Structure formats: structure tokens, C-alpha cells
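Enquirer:
Residue numbers (my numbering): 24 to 416.
Below, the structure written as C-alpha cells:
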């Protein structure tokens, strides 16, 4: 694949494994084994069986007729919100729990921002009878309380991250510390296309089911498997990478990733990584991240907990740098208004993360015969309190 990873774990200038010595055996074991395991017919059969019978895949590709009328194009929603647990996160969680079992791991740790990855990880650990610890920023625990309750009901231990901005970055730091302290029996299920190689590639492969299905479904709907535009929100970027993956080599398909501008790109309260960031190392890989002049990570801000991250995955950084994908941004207010519009036009309550991608439709102009696919990465149950506060329902 032209835009894929090389043998050293790099996408162009980005990627690699910048890790403490203590973690080297874990990451090396993963790197050595994951391709063999993923290619194993028994693994494939179990993974595909669970995606079908447990998750409910394939997720529908829905022709959003009222959106199509409003924006003057053929607009389709890839409905990852209809998966078991309510988002795309379950695809990767199932893949990684099966991998961890084959590596003989007895304990699972994860980080979570919006809580969807935490819920997905707690779900698969309950399914497989494996101990589960989830690290979550203290602020995110408050704003995503329903997901915290779900994780606890599923038997997970949820540990608050109380340092820094008390959000996703800090939860990731805590999870990495745990892994360093428990290297032998523990597998870290990273929820996005971030972290040391092979994580970005592994998560992208598990999420690539999204674009693989979309191609087949689009052919049924339109006669062609290639849309003109593909849109997805991006924090670390797992739903976007899953949505882009099988379109990367189709140069005529325009890929648009939408970041969180927060209160405005230059407001000091933003998570618009490509607009504000510079190249550097974050959580084990070389990527683009928001940092100060002396290289300290700048605290990100977004009303959506899942986009509140100071970097993007290394493959996204590569796609941005070589201009294969366009990276745009949307403010809190624009995303909330877009979320409400989706409720009232299509009867679908989207996650606030997803609403960032939907909001960008307002900034685009289409030809009548354009085909547009938007990844509806998650449902908005977890965000009802935020919507209620904003709109005063």
C-alpha cells in the first residue's frame, strides 16, 4: 500500500517506537507476533464471527435523504453508532482481546476519553473473563458519567487520572506507567491509531472493516464503490483511519478529517492539532502534536472528550504532510448545532465527536451528482447532558 507503514514502523517521517527500555520486550513481542496472529485462519474466523454475531456487523450504509436535499449531493452515513456498545471502538477492542489471549496475557489495561473505548474494552474483557483496568481523566469521568457506570457494571475497575489536564492525554500516561510496572502478564489495548509501532497499524487494520464494508455497500447503492468525498472526525484518529483505509490508494476520493477547534483555533482552548501542532514525539511515536516553544505538550481542549487529545496518529500526520487528506476543524458551537440538526433532519442523535464531521458539510459545496460518505462514529447517548446544558432542554 502506497500510504502504508514501512518495515521500521514509519509512515514517511512519522511513527516508530519511542519507548522506555522496560517496555521494549512487550512492544517487540507484539511487533513480532501480531501479523502472524492476524493472518492465522483461526484468528480470522473468530474475529469475523464476533463482528457478525456479537457486534452486529456489517453496520448499515444509510442514504440520508433529508441531508442530501439540504446539501445538494448524495450523502450517506456509515452507521458505526449502531454497533454493540454504540461506536466503532468495539471493532478494535475485539481484535486486540483475541490477540492478547493468544499472547497468554491475563490482565488488560486501557485508556479512554469519551468512555466509548473504555466501555468497548470492558465489554470484551467481560466476554472473555479477563481482568480489566481502565484509566480515565478525572474531568472526563465527570462529563461522561454514564459511560463510567457502564464500565463498572461490566466489571472493570476505572481509575481516575488526576494529573495535568485530567483528560485523555493524562489517562494515556497513567496506562503507560501501569504497563511499565506490569510488563509480563498485561496487554495494553490502545484505543486509537496512536502509540508505538505496531499499535497505529494494528488498530488501523482492525478498524479498516469500516471502509471495506463501505465500498461493497456503496456499489450496491450507486453502482460504484468510490465516493467523491469521505468525512470523519479525528482526535487520535481511529474512526477516520478505519474510514479512509481502503480508499487511500483511490486518489480520486477526497479524504477529509475534522479536528476539534474548541472555542476557536487561536483561543488557547483548542485541539486542532494540524493547525497548531509541530512535529515531535507523543506517547511513543513521532507525529504532529501541540507543543510549546520548549517542547512541552500544550493542554488540548474540546467539548468532546474523544477529540480532546494534543496529537494525531502518525499515519494521519503523514497523510496531512503529503496532502493526501485534508485536515479541517470545527468549533464546539458548530458541532453542537450540527448534532441537533442531525437529530431533527434524520432522527439520529450523534456523538459530539461525530457532529464535528457533520458540521463540516456546512463549509463544503457539492455538485448534484457528488457522493459523500460521513462516518457516524458513535451515538450521542453519552453526550445528552452536554446537549441539554447547551440547548437548555
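C-beta atoms are modelled at their ideal positions from N, C-alpha and C, and glycine is treated no differently. Quick caveat, the model's predicted, so the values are computed rather than measured.
1) Tell me the DSSP secondary structure of residue 277 in three-state form.
2) Rounded to whole angstroms, what's the CA-CA distance from residue 154 to residue 132? Just pull it up for me.
3) List the residues that DSSP assigns as beta-bridge partners of residue 160.
4) I'd like the ranges of any beta strand (DSSP E) spanning at least 3 consecutive residues and lying wholly in the stretch 252 to 327.
5) By the three-class DSSP mapping on this structure, what secondary structure does residue 55 have?
6) Note down, in chain order, each residue of its chain lying with its Cβ closer than 7 Å to the Cβ of residue 218, except the 5 sequence neighbours on either side.
7) Does DSSP classify residue 230 as helix, strand or coil?
8) Name, in chain order, the residues that DSSP records as bridge partners for residue 354.
9) Taking three-plus beta-carbon pairs below 8 Å as touching, is the stretch 209 to 226 in contact with the stretch 29 to 41?
10) Assign residue 285 to buried or exposed, taking buried as 16 or more other Cβ atoms, counted over all protein chains shown, within 10 Å of its Cβ.
11) Would you mind working out which of 392, 375 and 349 sits nearest residue 267, comparing C-alpha positions?
12) Does the contact criterion of 3 or more C-beta pairs under 8 Å hold for the stretch 349 to 358 versus the stretch 279 to 299?
13) For residue 417, which of helix, strand or coil comes out of DSSP?
14) Give the range of the beta strand (DSSP E) segment to which residue 211 is assigned.
15) Check the DSSP bridge columns for residue 394 and list the partner residues they point to.
16) Locate the beta strand (DSSP E) running through residue 203, then write down its first and last residues.
17) Rank 98, 41 and 66 by C-alpha distance to the C-alpha of residue 380 and give the top, closest one.
18) If I'm right that residue 304 touches residue 260 with Cβ under 8 Å, what's the distance once you round it to whole angstroms?
19) Take residue 244 and list the residues in its own chain whose beta-carbon comes closer than 8 Å to its own, dropping the five residues that flank it on each side.
20) Rounded to whole angstroms, how far is the Cβ of residue 331 from the Cβ of residue 190, which I believe are closer than 8 Å?
21) Buried or exposed for residue 411, please, with buried defined as at least 16 other CB atoms from any protein chain shown within 10 angstroms of its CB.
22) With distance defined between alpha-carbon atoms, name the residue in 389, 38 and 43 nearest to residue 206.
23) What residue range does the alpha helix (DSSP H) around residue 402 cover?
24) Kindly indicate which residue of 403, 188, 164 and 193 has the alpha-carbon position closest to the one of residue 180.
25) Provide the residue span of the beta strand (DSSP E) that contains residue 135, from first to last.
26) Kindly identify the DSSP beta-bridge partner or partners of residue 102.
Expert: Quick answer:
1) strand
2) 8 Å
3) 184
4) 252 to 256, 277 to 285, 301 to 305 and 308 to 312
5) helix
6) 306, 307 and 308
7) helix
8) 285
9) yes
10) buried
11) 349
12) yes
13) Past the edges of the chain, shown from 24 to 416, lies residue 417, and the structure says nothing about it.
14) 209 to 212
15) 97
16) Where residue 203 is concerned, there is no enclosing beta strand (DSSP E), although the alpha helix (DSSP H) it sits in stretches over 191 to 204.
17) 98
18) Between residue 260 and residue 304 the Cβ distance is about 17 Å, and since that is not below 8 Å, they are no contact.
19) 84, 86 and 99
20) 5 Å
21) exposed
22) 43
23) Counting along the chain, residue 402 falls outside any alpha helix (DSSP H), and DSSP gives it neither H nor E.
24) 164
25) 130 to 135
26) 399
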